[in-house]
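*Asks:* Next up is a structure, given as structure tokens.
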Amino acid sequence: KNQVEQSPQSLIILEGKNCTLQCNYTVSPFSNLRWYKQDTGRGPVSLTIMTFSENTKSNGRYTATLDADTKQSSLHITASQLSDSASYICVVSASRGGNKLVFGAGTILRVKS
Amino acid sequence: NAGVMQNPRHLVRRRGQEARLRCSPMKGHSHVYWYRQLPEEGLKFMVYLQKENIIDESGMPKERFSAEFPKEGPSILRIQQVVRGDSAAYFCASSFYESSYNEQFFGPGTRLTVL
Numbered sequence: 002k003n004q005v006e007q008s009p010q011s012l013i014i015l016e017g018k019n020c021t022l023q024c025n026y027t028v029s030p031f032s033n034l035r036w037y038k039q040d041t042g043r044g045p046v047s048l049t050i051m052t053f054s055e056n057t058k059s060n061g062r063y064t065a066t067l068d069a070d071t072k073q074s075s076l077h078i079t080a081s082q083l084s085d086s087a088s089y090i091c092v093v094s095a096s097r098g099g100n101k102l103v104f105g106a107g108t109i110l111r112v113k114s
Numbered sequence: 277n278a279g280v281m282q283n284p285r286h287l288v289r290r291r292g293q294e295a296r297l298r299c300s301p302m303k304g305h306s307h308v309y310w311y312r313q314l315p316e317e318g319l320k321f322m323v324y325l326q327k328e329n330i331i332d333e334s335g336m337p338k339e340r341f342s343a344e345f346p347k348e349g350p351s352i353l354r355i356q357q358v359v360r361g362d363s364a365a366y367f368c369a370s371s372f373y374e375s376s377y378n379e380q381f382f383g384p385g386t387r388l389t390v391l
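If you want it as structure tokens, here you go:
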């Protein structure tokens with residue numbers, strides 16, 4: 002069964018600190034892995050997209066890593082800001098047609114001042 | 277270039293009524309996807325449409341739910357005879373290409389509450 006699991010479920014950090022969010026998946030066949038940011042009451046916004054051949058990709062203070070062998074990914078946020086408070090969702094796309102995405106439940110990040 | 281638009285943003289229905297959710301994709305996008313998000317859960321794929329065609333509806337309940345994306349106008353997700361379990365946030369996304377690598381852009385969602 003195609004699944005995406007994320008940890009931790011929620012996280013509280015102080016402004017300026019770094020944090021790392023984890024994602025494990027069992028989606029097959031694998032096409033790509035995405036990290037989305039979802040603010041409360043809004044739709045998800047893409048942060049990064051990585052194929053199996055990419056190990057790391059950055060988008061500003063966000064850096065995603067991918068290990069296709071162990072089927073794990075992480076999202077590292079550096080120098081956190083209050084505006085980083087959101088749900089971070091790991092999403093895996095299967096390469097079979099239809100462009101169906103499998104979503105993790107998300108990690109809720111809260112950045113405190 | 278406006279993003280994906282959904283309306284209404286909030287919808288309240290009583291059990292047994294019909295709910296109609298609308299999605300206008302980004303300009304130039306002909307691929308539309310509908311997702312449902314239950315409280316405390318991740319988004320779940322429901323249906324994938326192109327103009328006038330349903331490509332994949334494997335995630336949509338067989339009864340009471342239907343979707344369309346007409347040649348003109350927005351995509352519509354219709355839920356007939358709503359039940360309390362239909363209460364959720366429904367998100368629409370659109371993309372330019374069909375390939376699995378392409379970016380899907382999400383709308384703000386419609387929050388359906390069934391009383």
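These protein sequence lines map, in sequence, to chains A and B. In case it helps, our numbering puts the first sequence at residues 2 to 114. In case it helps, our numbering puts the second sequence at residues 277 to 391. Note that CB positions come from ideal geometry on N, CA and C, so glycine has one too.
For the structure I just gave you, are there three or more beta carbon pairs, one from the segment 66–82 of chain A and one from the segment 288–295 of chain B, closer than 8 Å?
*Replies:* no
*Asks:* Label Ser88 (chain A) either buried or exposed according to how many other C-beta atoms from any shown protein chain fall within 10 Å of its C-beta, with 16 as the threshold for buried.
*Replies:* Walking along the first sequence from the start, residue 88 (chain A) turns up at place 87. Label assigned to Ser88 (chain A): buried.
*Asks:* Leaving aside the five residues before and after Glu328 (chain B) along the sequence, list all residues of the same chain whose C-beta is less than 6 Å from its C-beta, in chain order.
*Replies:* Numbered from 1 along the second sequence, position 52 holds the residue referred to as residue 328 (chain B). Excluding positions up to five away in sequence, the list reads Lys347.
*Asks:* Does Ala369 (chain B) come within less than 9 Å of chain A when only Cβ atoms are used?
*Replies:* In the second sequence, counting from the first residue as 1, residue 369 (chain B) sits at position 93. Chain A, which has a Cβ nearer than 9 Å to the Cβ of Ala369 (chain B), makes this yes.
*Asks:* Hey, how far is the Cα of Ser300 (chain B) from the Cα of Val280 (chain B)?
*Replies:* For the purposes of this step, residue 300 (chain B) is taken as residue 24 along the second sequence, with counting starting at 1. For the purposes of this step, residue 280 (chain B) is taken as residue 4 along the second sequence, with counting starting at 1. A straight line joining the alpha-carbon of Ser300 (chain B) with that of Val280 (chain B) spans about 6 Å.
*Asks:* Per DSSP, Val358 (chain B) is paired with what?
*Replies:* As a position in the second sequence, residue 358 (chain B) is number 82, starting the count at 1. In the DSSP output, where bridge partners are listed per residue, Val358 (chain B) has none listed.
*Asks:* Please tell me whether Ile13 (chain A) has its Cβ less than 9 Å away from any Cβ of chain B.
*Replies:* One-based indexing of the first sequence puts residue 13 (chain A) at position 12. Using beta-carbon distances, Ile13 (chain A) does not count as an interface residue toward chain B, since no partner is under 9 Å.
*Asks:* Rounding to the nearest angstrom, what Cα-Cα distance links His305 (chain B) and Ser370 (chain B) in this structure?
*Replies:* On the second sequence, residue 305 (chain B) is found 29 positions in, with the first residue counted as 1. On the second sequence, residue 370 (chain B) is found 94 positions in, with the first residue counted as 1. The alpha-carbon atoms of His305 (chain B) and Ser370 (chain B) are separated by roughly 6 Å.
*Asks:* So, using beta-carbon positions, are Cys24 (chain A) and Val5 (chain A) closer together than 9 Å?
*Replies:* Translated into positions along the first sequence, residue 24 (chain A) becomes position 23. Translated into positions along the first sequence, residue 5 (chain A) becomes position 4. Taking 9 Å as the Cβ cut-off, Cys24 (chain A) and Val5 (chain A) qualify as a contacting pair.
*Asks:* Within 9 Å of any Cβ in chain B, is that where the Cβ of Phe104 (chain A) sits?
*Replies:* As a first step, residue 104 (chain A) must be located in the first sequence, where it is residue number 103. It does: the Cβ of Phe104 (chain A) has a partner Cβ on chain B nearer than 9 Å.
*Asks:* State the CB to CB distance for the pair Arg312 (chain B) and Tyr373 (chain B), rounded to an integer number of angstroms; the pair is presumed to be in contact (CB under 8 Å).
*Replies:* Here residue 312 (chain B) refers to the residue found at position 36 of the second sequence. Here residue 373 (chain B) refers to the residue found at position 97 of the second sequence. Arg312 (chain B) to Tyr373 (chain B), Cβ: 24 Å. No contact.
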